[in-house]
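Participant: Protein chains in written order, with numbering that gives the first Met the number 0: chain A, 0 to 186; chain B, 0 to 186.
2 protein chains.
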Amino acid sequence: MSTPRPDAREVASRAIYEGRIVRLYEKDVTLPNGHTARLEIVHHPGAAAVVPLHDDGTVTLVHQYRHAAGGWLHEIPAGLLEAGEAPLDCAARELTEETGLTASDVRPLMTYRTTPGFSDEVVHLFIATGLTEGQTDHGHDEVIEVARMPLAEAVARVRKGEIVDGKTVIALLALEAGMGKQEEAGP
Amino acid sequence: MSTPRPDAREVASRAIYEGRIVRLYEKDVTLPNGHTARLEIVHHPGAAAVVPLHDDGTVTLVHQYRHAAGGWLHEIPAGLLEAGEAPLDCAARELTEETGLTASDVRPLMTYRTTPGFSDEVVHLFIATGLTEGQTDHGHDEVIEVARMPLAEAVARVRKGEIVDGKTVIALLALEAGMGKQEEAGP
C-alpha cells in the first residue's frame, strides 16, 4: 500500500525537437515540494528485447555497432516498438530480424525504465525458447553479427565488465536469478 | 581477442540543443556496412549510483519523484557526475546528500550503458558499507524520501515489478548474485 502523494503540475512544455526516434521537451514543472524546476525530457517510443535461450543452455547475442557508445556492444536482440505494436510481438519480430531465430514460446521477464532522470523510455524484456533457425533481415541502419555462447559464459562476461549494455545485463542477471521461469508466468 | 573491425565515419554533426544536463545532436554516420544513417544522439554527463548496504543486511533506497517517469520510483541514491569529478567521489557525495549516510568503504560494483541506441550515458555503480547516519542535503529539484528495507525484500520487489528503475534493478540483482564482494575487488 502506498500513501497518497501530492501531484506535480506541469506549468509549461516546449517541444524542442521532433526526430525520427526521439522527441525532446523542455518542461517547467512544479514539483511535489512546491519548487518549480525546468526539466529536459527525452520522449522515446519504448523498446522490446528478448533473450533467445536455446535447449542446450546457450543464448544468442548480437554484436552490434552503436555509434552513441563509440563502438561494438554485445546485446540481446531488441528494437523499437512500432506504433500500436504489442511488446511481445515486437520482441518476436526483432528476434527473427536480427538473429533469424523463431521461437515456439516468448514470455515476459521484466519491464523497466532505462533512465528515468531524463527519459520516459521503457524496455520490455522477454525470454524466447523453443528456437529454430532461419534467415535474418537486418535493416540498413543495423550492423549486427550473431554470437552464441553458454548462458554461464554470458553472465561471466557481465561480471568481467565485457558486457555493458543495460538491458542485456538486466536480462542475463535476471535469468541467472531464476526469474521468468515458465511456472512463475502463471496459467 | 577481438578481430579488427571497420570503423564508422562521422560525415556531419549538428548540435540541436544544449541544455543544463543533456545535449542533443543529429549526426550523419557512415556505418561499418557502408550505409550512411542519420542518428539522433543525446549526450549525457554520466552518473554514479550506490547501494548503501548496512551491517544488518538492509539497504537504504530513496523514493523519488521522477517527472519523466510520471511518478514516484524506488531507486538507489545517484546523481550526475560534476565536471572532473571521479565517479567514486560522486557516489559518496550523492549518498550523503540524498540519505544523510556516510560510508567507511565505497567500492565499484559495475559500470554500464543505460541506453546505447540513442545516448552515451554511462552509470557507475558502487556498494557502500560501514554506514553511519547524518544529515541529508537535498537539492531544490530533488523530491526524495528515504526507505530502508532488507536486501531480500528489495530483490523481491524487483521480481514483483515494483522496483523498475534500471540502475536499481541491476545493482540489486548484481548484489544478490554475489558481485562486488570485497575479496573480488582485489588488493
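A virtual CB, placed ideally from N, CA and C, is assigned to each residue, including glycine.
All figures in this text were calculated on a predicted structure; none of them were measured in a lab.
Are the C-beta atoms of Arg13/B and some chain A residue less than 8 Å apart?
Facilitator: Stepping through the second sequence from its first residue, residue 13/B is reached at position 14. No, because no Cβ of chain A sits closer than 8 Å to the Cβ of Arg13/B.
Participant: Mind reading off the beta-carbon distance from Thr59/A to Arg158/A? Whole number of angstroms is fine, and I expect it under 8 Å.
Facilitator: Indexing the first sequence from 1 puts residue 59/A at position 60. Indexing the first sequence from 1 puts residue 158/A at position 159. With 8 Å as the limit, Thr59/A and Arg158/A do not qualify as a contact, their Cβ atoms being about 20 Å apart.
Participant: So that I know if they touch, is there some Cβ in chain A lying closer than 8 Å to that of Met148/B?
Facilitator: Position 149 of the second sequence, counting from 1, holds the residue named residue 148/B. No, Met148/B does not count as interfacial toward chain A.
Participant: For the alpha helix (DSSP H) holding Glu96/A, just list the boundary residues, first then last.
Facilitator: For the purposes of this step, residue 96/A is taken as residue 97 along the first sequence, with counting starting at 1. Looking at the DSSP string, the run of the alpha helix (DSSP H) that includes Glu96/A is Pro86 to Thr98.
Participant: Could you please tell me which residues of the stretch 93–120 of chain B, in chain order, have their CB closer than 8 Å to any CB of chain A?
Facilitator: Correct list: Met109, Thr110, Tyr111, Arg112, Thr113, Thr114, Pro115, Gly116, Phe117, Ser118, Asp119 and Glu120.
Participant: Report the rounded CA-to-CA distance for Arg37/B versus Val28/B, giving the unit in angstroms.
Facilitator: As a first step, residue 37/B is located in the second sequence; it is residue number 38 there, counting from the start. As a first step, residue 28/B is located in the second sequence; it is residue number 29 there, counting from the start. Cα to Cα, the separation comes out at about 6 Å.
Participant: Under three-state DSSP, which class holds His66/A?
Facilitator: Walking along the first sequence from the start, residue 66/A turns up at place 67. Three-state result, His66/A: helix.
Participant: Which residue wins for smallest C-alpha separation from Thr131/B, given the options Asp164/B, Leu23/B, Ala102/B and Arg112/B?
Facilitator: The residue given as residue 131/B occupies position 132 in the second sequence. Among Asp164/B, Leu23/B, Ala102/B and Arg112/B, the Cα nearest to that of Thr131/B is on Ala102/B.
Participant: Roughly how many angstroms separate the alpha carbons of Leu172/A and Gly33/B, rounded to a whole number?
Facilitator: Counting from one through the first sequence, the residue named residue 172/A turns up at place 173. Counting from one through the second sequence, the residue named residue 33/B turns up at place 34. Those two C-alpha atoms are separated by around 35 Å.
Participant: With a CB to CB cut of under 8 Å and the five nearest residues on each side skipped, what residues in its chain are close to Val61/A?
Facilitator: By 1-based counting over the first sequence, the position of residue 61/A is 62. Within the same chain, Val61/A has close Cβ partners His73, Glu74, Ile75, Pro76, Glu97, Thr98, Ile143, Glu144, Val145 and Ala146.
Participant: Less than 6 Å between C-beta atoms, sequence neighbours within five positions excluded: which residues of the same chain meet that for Arg22/B?
Facilitator: In the second sequence, counting from the first residue as 1, residue 22/B sits at position 23. Taken in chain order, the residues that qualify are His42.
Participant: Between the Cα of Ser12/A and the Cα atoms of Ala176/B, Thr57/B, Ala67/B and Glu25/B, which residue gives the shortest distance?
Facilitator: The count along the first sequence starts at 1 and reaches residue 12/A at position 13. The shortest Cα separation from Ser12/A among Ala176/B, Thr57/B, Ala67/B and Glu25/B belongs to Ala67/B.
Participant: So is Asp119/B buried or exposed if we call it buried at 16+ other beta carbons inside 10 Å?
Facilitator: Taking the second sequence and counting its residues from 1, the one referred to as residue 119/B is at position 120. Classification for Asp119/B: buried.
Participant: In chain A, which residues lie less than 9 Å from Val145/B when you measure between Cβ atoms?
Facilitator: Locating residue 145/B in the second sequence gives position 146, counting from the first residue. Going along chain A, no residue has its Cβ under 9 Å from Val145/B, so there is no contact; the nearest lies around 15 Å.
Participant: Whose C-beta lies closer than 6 Å to the C-beta of Pro186/B among residues of the same chain, with five residues either side of it excluded?
Facilitator: Sequence index remark: in the second sequence, residue 186/B carries index 187 (1-based). With a pLDDT of 42 at Pro186/B, under the threshold of 50, the predicted position of this residue should be treated as unreliable, though the coordinate-derived value follows. Closer than 6 Å at the Cβ level, and outside the excluded window around Pro186/B, lies no residue.
Participant: Return no unless some Cβ of chain B is closer than 8 Å to the Cβ of Lys159/A.
Facilitator: For the purposes of this step, residue 159/A is taken as residue 160 along the first sequence, with counting starting at 1. By this cut-off, Lys159/A is not an interface position.
Participant: With a cut-off of 8 Å on the beta carbons, I'd call Phe125/A and Glu39/A a contact; round off their distance for me.
Facilitator: Mapped onto the first sequence, residue 125/A falls at position 126. Mapped onto the first sequence, residue 39/A falls at position 40. About 31 Å separates the two Cβ atoms, so there is no contact after all.
Participant: Determine whether the Cβ of Leu30/A lies closer than 8 Å to any Cβ atom of chain B.
Facilitator: Sequence index remark: in the first sequence, residue 30/A carries index 31 (1-based). Answer yes: the Cβ-Cβ gap between Leu30/A and chain B drops below 8 Å somewhere.
Participant: With the cut-off set at 8 Å, would you say Ile162/B and Gly165/A are in Cβ contact?
Facilitator: Along the second sequence, one-based indexing puts residue 162/B at 163. Along the first sequence, one-based indexing puts residue 165/A at 166. Result no, Cβ atoms of Ile162/B and Gly165/A do not sit closer than 8 Å.
Participant: Whose CA, out of Gly83/B, Pro149/B, Lys180/B and Ala155/B, lies closest to the CA of Gly177/A?
Facilitator: Position 178 of the first sequence, counted from the first residue, corresponds to residue 177/A. Of Gly83/B, Pro149/B, Lys180/B and Ala155/B, the residue nearest in Cα terms is Ala155/B.
Participant: Is Val188/B helix, strand or coil by DSSP?
Facilitator: Because residue 188/B is not part of the residues shown, which for chain B are 0 to 186, the question remains open.
Participant: Would you list the one or two residues that DSSP bridges to Thr101/A?
Facilitator: As a working mapping, residue 101/A is identified with position 102 in the first sequence. Thr131/A, per the DSSP bridge assignment.
Participant: Is Glu175/A close to chain B, meaning its C-beta is less than 8 Å from at least one C-beta of that chain?
Facilitator: The count along the first sequence starts at 1 and reaches residue 175/A at position 176. Answer yes: the Cβ-Cβ gap between Glu175/A and chain B drops below 8 Å somewhere.
Participant: Are Ala46/B and Leu79/B closer than 8 Å when you measure CB to CB?
Facilitator: Here residue 46/B refers to the residue found at position 47 of the second sequence. Here residue 79/B refers to the residue found at position 80 of the second sequence. It is a contact, given that the beta carbons lie within the stated cut-off.
Participant: For Val154/A, name the three-state secondary structure that DSSP assigns.
Facilitator: By one-based count along the first sequence, residue 154/A stands at place 155. Looking at Val154/A - three-state DSSP - the assignment turns out to be helix.
Participant: Just reading off the alpha helix (DSSP H) that Glu141/B is part of, what are its end residues?
Facilitator: Walking along the second sequence from the start, residue 141/B turns up at place 142. No alpha helix (DSSP H) holds Glu141/B; DSSP gives it neither H nor E.
Participant: Specify the secondary structure class of Ala170/A as computed by DSSP and reduced to three states.
Facilitator: To locate residue 170/A, count along the first sequence from 1; it is residue 171. Ala170/A: helix per DSSP, three-state reduction.
Participant: Using the C-alpha atoms, what's the distance from Pro107/A back to Leu87/A?
Facilitator: The count along the first sequence starts at 1 and reaches residue 87/A at position 88. The count along the first sequence starts at 1 and reaches residue 107/A at position 108. One C-alpha to the other measures close to 8 Å.
Participant: Quick one: using the 10 Å Cβ neighbour count with 16 as the cut-off for buried, is Ala151/A buried or exposed?
Facilitator: By 1-based counting over the first sequence, the position of residue 151/A is 152. By the neighbour-count rule (16 or more Cβ atoms within 10 Å), Ala151/A is not buried but exposed.
Participant: For the beta strand (DSSP E) containing Val28/B, list its first residue and its last residue.
Facilitator: Residue mapping note: residue 28/B aligns to position 29 of the second sequence, counting from 1. Arg22 to Thr29 is the extent of the beta strand (DSSP E) around Val28/B.
Participant: Between Ala68/B and chain A, is any beta-carbon pair separated by less than 8 Å?
Facilitator: On the second sequence, position 69 is the one that residue 68/B refers to. Closer than 8 Å to some Cβ of chain A, the Cβ of Ala68/B qualifies, so yes.
Participant: So what does Thr35/A bridge to, in DSSP terms?
Facilitator: Residue mapping note: residue 35/A aligns to position 36 of the first sequence, counting from 1. Looking at the DSSP assignment, Thr35/A forms a beta bridge with Thr29/A.
Participant: At which residues does the beta strand (DSSP E) containing Pro51/A begin and terminate?
Facilitator: Counting from one through the first sequence, the residue named residue 51/A turns up at place 52. Counting along the chain, the beta strand (DSSP E) containing Pro51/A begins and ends at Ala46 to Pro51.
Participant: Shortest alpha-carbon distance to Val105/A belongs to which of Thr113/A, Ala90/A and Pro115/A?
Facilitator: By 1-based counting over the first sequence, the position of residue 105/A is 106. Val105/A has its Cα closest to that of Ala90/A, out of Thr113/A, Ala90/A and Pro115/A.
Participant: Using only the alpha-carbon positions, how far apart do Val122/B and Gly70/A sit?
Facilitator: In the second sequence, residue 122/B corresponds to position 123, counting from 1. In the first sequence, residue 70/A corresponds to position 71, counting from 1. Cα to Cα, the separation comes out at about 17 Å.
Participant: Could you tell me whether any Cβ in chain B is nearer than 8 Å to the Cβ of Val142/A?
Facilitator: Position 143 of the first sequence, counting from 1, holds the residue named residue 142/A. True, the Cβ-Cβ gap to chain B drops below 8 Å.
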